[in-house]
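Numbering (the working numbering), first residue to last: 824 to 1453. Where a beta carbon is used, it is the ideal one built from N, C-alpha and C, also for glycine.
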């Protein structure tokens, strides 16, 4: 049978170089990854066999086996799962299509360069074998193919790999690692069994190794032909909670998430009623690299009566909770359930609602705990996941009130961690609204001229700086009976907080400035929707605001950055007639040229303070230079 040599995809060559030269801090991770792959292969066979029972052949008992040969210096990980055809071996072991390799290598460029636990997070676990091996041989046959269509894949992890057809009686895959000189520690049954116990104990399939007995004549352990199971081989979520400790839950989380950092919180429950199911759900401590990809499927695995059905069952968890990891095992769903059926099933809807409420309960326990350490955990969660959780305000109206209580913001009195309940509790007497301001960054929000009168009167304003905040405000209109009011929209209205004498003074100033305002309106007619005197400014000469119901400048910029069409943004220019710049403008009303230049500068400065970009920066510079040299 002829061999064919193929070149690795360029990204794989880079990856293998990193694996063989950088990832040495935790060599044993290779076994976790290869056992996980073998378990996945068995799950895939079980799933495909639901539609085609002939895939089982004569062997219906799934298993994983680990063997080693100290003389040959090899470790073999075997499974009788779905197996590979020759085409699949070339495609899956020689190229990486969407595995996130670029992100993986970018992560390794940071200080985590020696963190081998990273490898499983990016779907490239097979290549972890090269951490300990200088050559890997894979022998496989896909379920349903004849024995003559087996395949052998072999590579030294350099620039190419060889593939040849072989005769293989057994369905499934053998991964044979030819160990490096410095990896001899893994040629030990005790060592391999310990790694299985550490990383793979909760895999529901039996992981078997040959039994060893003491040979008194040789004075050493001797390997027998008898296989024994070295893991518990029981679904952890199906075991009684009384039997499990925190270490068990953390180990299972690491197995399903490839995240070596312990989870922030977890919940394990058996739900009975209209729908019967078991849920084991985790909230990670750190955000994954692809958190912002809304197309990414969720992290919840679906089982039916302990039979694996599918990874990433997005129908079981809303999109805004896509960071949740875990397992849901249903007693009611059919074994042949598809993604399409999941979308329509009433049982799935009940599971989704119940699981969503359970996750929110976990977050509420952290956020509202009397224990400062638990609240600190929630603060850490919010820093990584808060912007994603905000998506739920517009997607999950049933839980909107609960989600609103979990929101945290910066404000003019604190740089982070302010809840809406905190804000309402310290509202000034007579304050009727929750004041908010959206901006591109915290620095831009803190420096906004629209806050000046609020600072002067000691009124707290929430500062919303996430890109999703404009979306949030379009769905969250009130909290605890208090409306949310943007300080950048409409005329400033402090209600009962306004001073009567100040009102009268403002009205008199507006009347006195009417000629100036009318001339500004005429000069800036193409850029400003309106010009009016305001009481919101204390130190600044002008600011831009939107009319109630109009799009804000911040939202208009976000849409433009996203490449979306948005209606032209024509803001209202509000001016402070007491400012020296406005008084100077008033003296130039008879000088049309200079008045026009200074009016344009006034508008451009307000636009810049708002966070916008000038369409004609050169014209702005020219006008400023002319003003400075006058």
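Check                                                                                                                    : Outcome
Selection from 1307, 1026 and 1399 that minimises the alpha carbon distance to residue 887                               : 1026
CA-to-CA distance, residue 965 to residue 879, given in whole angstroms                                                  : 11 Å
Enclosing alpha helix (DSSP H) for residue 1122 [first to last residue]                                                  : No alpha helix (DSSP H) contains residue 1122, which is instead part of the beta strand (DSSP E) from 1122-1127.
Of the residues 1264, 1260, 1292 and 1287, the one placed nearest residue 1315, counting alpha carbons only              : 1260
Spatial neighbours of residue 1203 in its chain, beta-carbon cut-off 8 Å, leaving aside the 5 residues before and after  : 1087 and 1108
Buried versus exposed, by CB contacts within 10 Å (16 or more), residue 1440                                             : exposed
Contact the segment 897-905 vs the segment 989-1009: 3+ CB pairs below 8 Å                                               : yes
Where residue 1102 sits in the DSSP three-state scheme                                                                   : strand
Validate contact between the segment 1184-1193 and the segment 1080-1095 using beta carbons, cut 8 Å, 3 pairs            : yes
Check whether residue 1275 and residue 1234 have beta carbons under 8 Å apart                                            : no
Simplified DSSP assignment, three categories, for residue 1308                                                           : strand
Buried/exposed call for residue 1148, threshold 16 Cβ in 10 Å                                                            : buried
Contact between the segment 1332-1341 and the segment 1242-1259 (3+ Cβ pairs under 8 Å)                                  : no
Selected residue, minimal CA-CA separation from residue 1268, among 1304, 1425, 1216 and 1309                            : 1309
Alpha carbon of residue 1252 to alpha carbon of residue 1305, nearest angstrom                                           : 13 Å
Residue range of the unbroken beta strand (DSSP E) whose run includes residue 1092                                       : 1088-1094
For residue 1025, three-class secondary structure by DSSP                                                                : coil
Residues that DSSP places opposite residue 1356 in a beta bridge                                                         : 1398
Rounded straight-line distance, which links the Cα of residue 1273 to that of residue 1359                               : 6 Å
Among 1084, 1138, 1445 and 1300, the one whose alpha carbon lies nearest that of residue 1123                            : 1138
For residue 1250, the three-state DSSP class (helix, strand or coil)                                                     : coil
Residues that residue 787 bridges to, as DSSP identifies them                                                            : A question about residue 787 goes unanswered here, because the residues of the chain that appear run from 824 up to 1453.
Own chain, CB closer than 6 Å to residue 921, minus 5 neighbours either side, in chain order                             : The predicted position of residue 921 is uncertain, since its pLDDT is 37 and thus under 50; a value taken from the coordinates is nonetheless stated next. Cβ neighbours of residue 921 beyond the five flanking positions: none.
For residue 850 and residue 943, the rounded distance between their alpha carbons                                        : Below a pLDDT of 50, predicted positions are generally treated as unreliable, and residue 943, at 43, falls in that range; the measurement from the model is reported next regardless. When rounded, the distance between both Cα atoms is 13 Å.
Sheet register partners of residue 1038 (DSSP bridge)                                                                    : 1043
Cβ-Cβ distance between residue 980 and residue 1262 below 8 Å                                                            : no
Inter-residue spacing [alpha-carbon to alpha-carbon] between residue 1247 and residue 1419                               : 45 Å
Member of 1334, 1145 and 1034 whose CA lies at the smallest distance from the CA of residue 1053                         : 1034
Candidates 1427, 1445 and 956: closest to residue 1437 by CA position                                                    : 1427
Close-in-space but distant-in-sequence residues of the same chain around residue 1084 (CB under 7 Å, 5 per side omitted) : 1108 and 1109
Sufficient close CB pairs (3 or more, under 8 Å) joining the segment 1072-1079 to the segment 1012-1030                  : yes
Proximity winner among 1112, 984 and 1219, relative to residue 1180 (alpha-carbon distances)                             : 1219
Supposed contact pair residue 952 and residue 831 - C-beta distance, whole angstroms, cut 8 Å                            : Contact flag wrong, Cβ pair sits at about 14 Å.
Length-filtered (4 minimum) alpha helix (DSSP H) runs lying within the segment 1142-1204                                 : 1162-1167 and 1169-1190
CA nearest to the CA of residue 861, picked from 885, 839 and 876                                                        : 885
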